[in-house]
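Numbering (this note's numbering), first residue to last: 855 to 1542.
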């Protein structure tokens, strides 16, 4: 979480004044801890397999693999409540929810997978507790220190000081955001990117973490234990003979930072030079002062014009795939001085590339009621796919109007306690409107539509909007998700003015035409950005208007999907048994690593019917002494079929017991093969 300067708005005899708690305006990273003198007493002793794959694996030469890995896995490690029992005022370290610790560990292994390292890092429960004490100390004293912490510090403990000496430390960020901050490694004192080097140290197998969220005037804090007994041990295999960030291959622009680093295996880059080009055009870069003592020997540089000392500096991205060519020359190795070259393609993971394959559903358009109808979807060519999820539903009118007069009828609110989402402070019409405010910057404030929309090309969302007191870190966003809420994309964004903001409502109109034919979730998100100066307005009274106010929300020209039924399968095959003769929508998505969904594929609309299966039979094909009969099931079940034959019209049809049924496309096209008979023979296909 970002360091914040909290503004409280106070009503004073007809006027409003602003006051603030002096919290830090920028998140802070201190010096990274230096390498331990020995590993005695560190966690992680004993044999552990040194595998480059571990839990996660990604081929960074594949745009779609990286895009899926970011959208499905990286984003899933955000927005998980901390569920803490820590209390800074009473010096209680407390604990955090297992789910929060899981996503923090997931973020670590995500970065390691992208860098081509072993991703089997686990957390040690004992060190987690110690790191919790370390985070408490840092938050309580609004300071960071690895060693020599005096007993006079508030919330001092031996466990906490021990953990501080073995951990990356951060103020103003906690959880997965802190891990991302270590990879960015901003600050004038972090020119050697020591925090990053410890997260990406190949030998490490055991880490730990402790987190304390922002409480009142105290900053959030994180301590991530980064030393284990494998320090200076055998180096495992890595994808490339170096560890770089950003790594070679495709990299989402969101995780590319001003400082780039290159750490060759068992080599010395102290006299190396770097040449960097953007789409073939040479760039001027500044090489940072070389420094050892943090993981592997590493060369660090950044393009001139960027300021890596502040967290708000972003690496520029123009919206289209950009190829950066890197050549590191004069690296000292045991085989003499060597040069290394690689490319990094920075891209937007919200935009599918040429290698994207949607999960298209195939099968009959007229399934039979109360029968098992076979369907299949296009396999997703991603080796990390472990199964598929199917959704069947019906569609109905999805148009609606909501002016907040009936409460939260159409929406689910995920907000911080301390204010009412339904308010009469202001409004465009009627007595009430929706209000998203921010008692603290710990979490986004969300109003999510309960409907699963099925937009058409002319679907639109309109609403009345008033963004009152809001800092430039507080952003009003309307977002859509096409994969069940795993990834949200902005379709509208308005940044706070840093002051009173708007005094009246304005109409906003948004088109959902880009989502036509796909199931879409919609939400209003009052978001706190971790970039910028860190200020935020905190609503503590009802006047003047603070936060984002919404009224008269309208969705037109859309259907919604109802009566949803899901089914998981390890293959691309799926059986659907409609309960009634009506229209249904069928769609599917792939799962990677057993639990992370990719995008929904296009919707297939079918009309269930009552009756026997309908079969389209092509002209028989003679092949030597065999007859091949190809047929397609156009409606009804495709479970079992028999080939019947008769040599003359009016005769008795008999089942050809020697016929062999060959499946060409499961659930759609089939082939019977049998030996040829007399010159004239009639065939028919029957399903019992």
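Where a beta carbon is used, it is the ideal one built from N, C-alpha and C, also for glycine.
Cβ neighbours of residue 931 within its own chain (closer than 6 Å, five residues either side excluded): 957, 960, 961 and 1030. Per DSSP, the unbroken alpha helix (DSSP H) holding residue 968 starts and ends at 952 to 968.
If you ignore the 5 residues before and after residue 1464, its C-beta comes within less than 6 Å of the C-beta of 1223 and 1435, all in its own chain and listed in chain order. Less than 9 Å separates the beta-carbon of residue 1053 from that of residue 1037. Taking 9 Å as the cut-off, the Cβ atoms of residue 1299 and residue 1321 do not count as close.
With a contact defined as Cβ atoms closer than 8 Å, residue 940 and residue 981 miss out at about 16 Å. Here residue 1538 is exposed. Its C-beta has fewer than 16 other C-beta atoms within 10 Å. Residue pairing of residue 1496 in beta bridges, as defined by DSSP: 1540.
Per DSSP, residue 888 lies in no beta strand (DSSP E) and is assigned neither H nor E. For the options 1309, 949 and 1439, the alpha carbon positioned closest to that of residue 1366 is the one of 1309.
Residue 1143 and residue 1099 have their C-alpha atoms spaced approximately 17 Å apart. Three or more Cβ pairs closer than 8 Å define a contact, and the stretch 1033 to 1049 meets that threshold against the stretch 1011 to 1025. For residue 1055, the closest C-alpha among the options 1069, 1089, 1077 and 1044 is that of 1089. Ranking 946, 1474 and 1148 by CA distance to the CA of residue 1045 puts 1148 first. For residue 1432, same chain residues with a beta-carbon under 7 Å away, outside a window of 5 residues either side, are 1221, 1223, 1438 and 1462 in chain order. Residues of the same chain with a CB within less than 7 Å of the CB of residue 1058, apart from the 5 flanking positions on each side, are 975, 1080, 1082 and 1084 in chain order.
Positions of the beta strand (DSSP E) runs, each at least 3 residues long and wholly inside the stretch 1135 to 1194, are given as 1135 to 1137, 1139 to 1141, 1153 to 1157 and 1176 to 1187 in order along the chain.
Inter-residue distance for residue 1288 and residue 1026 is about 30 Å (C-alpha atoms, whole angstroms). DSSP lists 1445 as the beta-bridge partner residues of residue 1451. For the set 1302, 1226 and 1504, the Cα lying nearest the Cα of residue 1256 is the one of 1302.
If you draw a 10 Å sphere on the C-beta of residue 989, you find 16 or more other C-beta atoms in it, and that means buried.
With respect to residue 1486, residue 1425 sits apart: the two C-beta atoms are not nearer than 9 Å.
Judged by DSSP in its simplified three-state form, residue 1012 adopts helix. One Cα belongs to residue 1160, the other to residue 977, and the distance between them is close to 35 Å. Judged by DSSP secondary structure, residue 992 falls within the alpha helix (DSSP H) whose first and last residues are 979 to 995.
Within the DSSP secondary-structure output, residue 1365 pairs in a beta bridge with 1314.
Per the C-alpha coordinates, the member of 1405, 1353, 1373 and 1064 positioned closest to residue 1277 is 1405. With a beta-carbon spacing of about 5 Å, residue 1411 and residue 1313 fall inside the 8 Å limit used to define contacts.
Taking the CA atoms as reference points, residue 968 sits about 41 Å from residue 1273.
Scanning 886, 917 and 926 for the CA closest to the CA of residue 1450 turns up 926. For residue 1331, the closest C-alpha among the options 1534, 1118 and 1342 is that of 1342. Counting along the chain, residue 1032 sits inside the alpha helix (DSSP H) bounded by residues 1029 to 1038. The count of Cβ pairs closer than 8 Å, one atom from the stretch 1263 to 1270 and one from the stretch 1226 to 1239, stays below three, leaving the stretches out of contact.
Sequence-distant partners of residue 1095 (beyond 5 residues in either direction) whose C-beta falls short of 6 Å from its own C-beta, in its chain, are 1119. Shown here, residue 1000 sits in coil according to DSSP, grouped into three states, outside any helix or strand. Collapsing the DSSP output to three states places residue 1305 in coil.
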